[in-house]
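For reference, the structure discussed in these notes is given below.
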Amino acid sequence: MNSFKRDKKEEEDGGGNPFQNMEKTTVLQEARTFNDTPVNPRKCAHILTKILYLINQGEQLGTTEATEAFFAMTKLFQSRDVILRRLVYLGIKELSPIAEDVIIVTSSLTKDMTGKEDLYRAAAIRALCTITDGAMLQAIERYMKQAIVDRSPAVSSAALVSSLHLTSISGDIARRWANEAQEALNSDNVMVQYHALGVLYQARKTDKHAVTKLVSKLTRTSMTSPYAACMLIRMACKLLEEEDGNGELLDFVASCLRHKSEMVVYEAAHALVNMGKSSTRELAPAISVLQLFCGSLKPALRFAAVRTLNKVAMSHPAAVTACNLDLENLIADPNRSIATLAITTLLKTGAESSVDRLMKQIATFVSEISDEFKVVVVQAIRALCQKFPRKHAVLMNFLSAMLRDEGGLEYKAAIADTIIAVMEGNSEAKEAGLAHLCEFIEDCEHISLAVRILHLLGQEGPTSKQPSRYIRFIYNRVILECASVRAAAVTALARFAAACPPLLPNILVLLSRCQLDSDDEVRDRAAYYCAILQQQFDPTTLSLVQPPLLSIPSLERALNNYVSSPMEEPFDISQIPPAQTVEEPTQPEILATAKQQQSRLSREETFMEKLAQVPQLALVMSKSPLFKSSPVVELTESETEYNVKCVKHSFSNHLVLQFDCLNTLSDQLLEDVRVAIEPPEGYRVVYEIPCLRLAYNEPGTTYTVLEFPEDVHASIATIPTTLRFMARDCDPTTGVPDAEQGYRDEYMLEDLEVTLADQMRGVGKQGVDFNAAWDAGATRGFSELEETFVLGASVTTLEGAVQSLVGFLGLEAVERSHRVATDAVGHTLLLGGIFRGGKEVLARARLALADSQVTMQLSVRSSDPDVAELVTSSVG
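According to our numbering, the sequence shown is numbered sequentially starting from 4.
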């Protein structure tokens, strides 16, 4: 152990990184020292440490370099120095994935693994398992089983952990070594017991009954290892999620609140508060424990308790109210992370009168905490604005001050997201929010955030009280910023000009100057908008300035099909599905950072790629793009021997039914699988595409193509379905079918409903005045129908009526009209969409609530009178 001692000169050198500015080539040349005889342990250990440092710093070694270093390192096995030998084991683990022929050290590692030196054995086991493949596994299996039950805890733990890693090579390792793991579970060592439980769970995790039996058995015993007890709590909670009402497991988790280990107590409390269906009464014991931890002398316990209470306050603020006094004591905690979480929790649970005081306390130290916890503060303010709308002015002023502080992109984006969310939820905050964002982009150093705010200004600014006040801020970006921001500013100016006719002449002057810009994109946008805006003002101009976001793959495919056709009719862009965006969650996780909305493939784009791989569907797809794909419809129960799900794909004139089938019988092979249907009146079956082979637990797909009836009223129908197939008995283990001839069989499925929502695609038309579009529809000869309905007994609130109507019709709410004011007794829902074939639909539903009964006056305008009648008759 003398190697651990440092020379006097080394101690005088002070701190710093001794491996800074190392070069890979130099270190690998030094590795030739490993070949010297006799071995210099001190020098070789230093060089080997350099190699490990480089690898862990991300340095990439080539195969040849790694192989040469690896084989040079194997010469060090002749040294008996303990530190050098353990470094060699680490070197083998790090280089084995890169180097070639590493199997050569197997005999040396096996010798060390079975030797008498305990300091070598555990490390040798870990190194050996990193170079073991499927062919070698059987040779070392006997040694590994012995090591699992070894008297040395280090050796036993190493063998258990290595067996978990080996499951990637052979999935049944844990099951084959379960008896030894069961014996190791009785060990007195806390880590051995923990690792043994992990191996037992790995062996049984695919068998729910076996896991239940294991957990039930262990809950009756006292686990001496706190780590194993924590794992057992997690296993019990996983079973509770799958089995509602298991009182025995719930009692076990609750009993762990009285465990002698603080780690186990916290794990139990954390598990109880994270159960989705827990009520305030059921949370009380866990909240009491967390309240005690808030007064602990250990900062880790205080942090864990207040972080968990912060999360609970999102869903059960009343349950956390009892802890408010303890949380106020933590506001002055020397650990700023704890103080931040305490204040944000109080913001979620406190009264409206305490908001001002808490905001002043946050302001005293908000500049001292990290961006991660600043985001937590921002998220708490966001929830507070929803809870106390009248406090939006104070809270938005505080957010504006935070915007002016230093911070990274994620932190600034979180603040901008919060201001935007407050504006959407509270119309009174719109003017103040736009003003704060305008001030922010004057000094914004993040391009993506500036572009996003300019896009928002272009959408919301024209409908504000004084649209002209924002023009200066936007045009400043054209003068001062980079090309990306200038292009976004040009688009925002054009939207003001299109939506506000009084501003049009002045904005045209500004856009004409932008045509002299040095960037192509900026010049092209300015020229395009000038050409459109110089025409006579028309309500349809805004749709040209602010076109809908379309699915690019679908648009490209539709254009290719159109070019290859005779092109006798104009190209119909209304057939193209809109692009889909990821919406941020309404209640983000406690420490989750705010992320910008990113484009992703829509469901239609994903299905188009899948359908394009089926040659028989090429004819349907060449005639028109995919209009809409429905949600998945279950045609069988999940526990049945055959599982069938359906997705309905609507085209202009065709309906493609995609049936995803799963065979859960291991002793049966299905062939020529198809779903037979009885077409309703007006429908015609074009052709069927069967699934040729459906093996056990392997998904297969069969398609049925229908032609829509000419009468749109007949398109809403119920279709009976039956699964038909050729069944052949087979060997359950190999899946090889018997030589005997199979037999025809069929299986009844649930009826399939074709609804109005399957044929309607919502179009929100953000930024477009609904009243202008409604009036324009009248001038374009749209048919209008109006009916009055009393909604069913299941709809007792305005919110429920809005959700039900949007889901049933398949239309999309316009101008955020899906948001219903609290305690409102009346509401107007504005809807827009397109029926298959490009037929535009506008709807206005006036809702009134009286004595828990909702009355609705529905007005529908459509370019096709049959579609307008279909919408109103479907509701009736």
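We treat Cβ as the ideally placed atom computed from N, Cα and C, and that holds for glycine. What you are looking at is a predicted structure, and each value in this text was computed from that prediction instead of being measured.
Per the Cβ contact rule, the stretch 172–185 is not in contact with the stretch 210–218 (fewer than 3 Cβ pairs under 8 Å). Taking the CA atoms as reference points, P504 sits about 53 Å from V323. Taking the Cα of A130 as reference, the smallest distance to any Cα among V164, F773, V650, R83 is reached at V164. Beta-bridge annotation (DSSP): C47 is not paired with any residue.
With respect to L286, L304 sits apart: the two C-beta atoms are not nearer than 8 Å. By the Cβ neighbour-count rule, I107 is exposed, with fewer than 16 other Cβ atoms within 10 Å of its own.
In this structure, L850 and L814 do not form a Cβ contact; the two beta carbons are roughly 15 Å apart against a cut-off of 8 Å.
A residue is called buried once 16 or more other Cβ atoms fall within 10 Å of its Cβ, and T707 is buried on that count. Under the DSSP definition of a beta bridge, M729 partners with E674, R747. The stretch 653–668 and the stretch 687–700 touch, with three or more beta-carbon pairs separated by less than 8 Å. Measuring C-alpha to C-alpha distances from F499 to each of Y478, V481, G464, L514 identifies G464 as the nearest. Around the beta carbon of C485, fewer than 16 other beta carbons lie within 10 angstroms, which makes this residue exposed. Around the CB of I482, fewer than 16 other CB atoms lie within 10 Å, so the residue is classed as exposed. In the three-state reduction of the DSSP assignment, A679 falls in the strand class. By the Cβ test, the stretch 192–204 is not in contact with the stretch 139–147, since fewer than three Cβ pairs between them sit closer than 8 Å. Non-local beta-carbon contacts of N646 in its own chain, meaning distances under 6 Å to residues more than five positions away in sequence, involve T639, L665 in chain order. Put simply, the backbone Cα of E787 is about 16 Å away from that of M859. Taking the Cβ atoms as the reference, S627 lies roughly 5 Å from F654, within the contact range of under 8 Å. With a threshold of 16 other beta carbon atoms within 10 Å, T40 falls short and is exposed. For M278 against L242, the beta-carbon gap comes to about 12 Å, at or over 8 Å, which does not count as contact. In this structure the stretch 608–625 does not touch the stretch 744–755; the number of beta carbon pairs closer than 8 Å is below three. For secondary structure counted as the alpha helix (DSSP H) over 4 or more consecutive residues, the stretch 182–212 holds these complete runs in sequence order: 193–207.
Taking a cut-off of 8 Å for Cβ pairs, the stretch 734–745 and the stretch 676–685 do not touch, as fewer than three such pairs fall below it. A271 is not a Cβ neighbour of L253, given a cutoff of 8 Å. DSSP places G250 inside the alpha helix (DSSP H), whose first and last residues are 250–258. Look at the stretch 403–462 and you find no whole run of beta strand (DSSP E) that is 3 residues long or longer. When DSSP states are grouped into helix, strand and coil, R847 belongs to the strand group.
Rounded to whole angstroms, Y473 and E442 show a C-alpha spacing of 10 Å. Rounded to whole angstroms, the Cβ separation of S340 and I384 is 17 Å, and the two are not in contact under 8 Å. The straight-line gap separating the alpha-carbon atoms of S155 and D121 is approximately 7 Å. Closest in C-alpha terms to A162, from the list T113, A138, G137, comes T113. DSSP lists no beta-bridge partner residue for M76.
For S862, the enclosing beta strand (DSSP E) stretches over residues 856–865. In the DSSP assignment, N666 falls within the beta strand (DSSP E) that extends over 657–666. With a 10 Å radius around the Cβ and a threshold of 16 neighbouring Cβ atoms, A781 comes out exposed.
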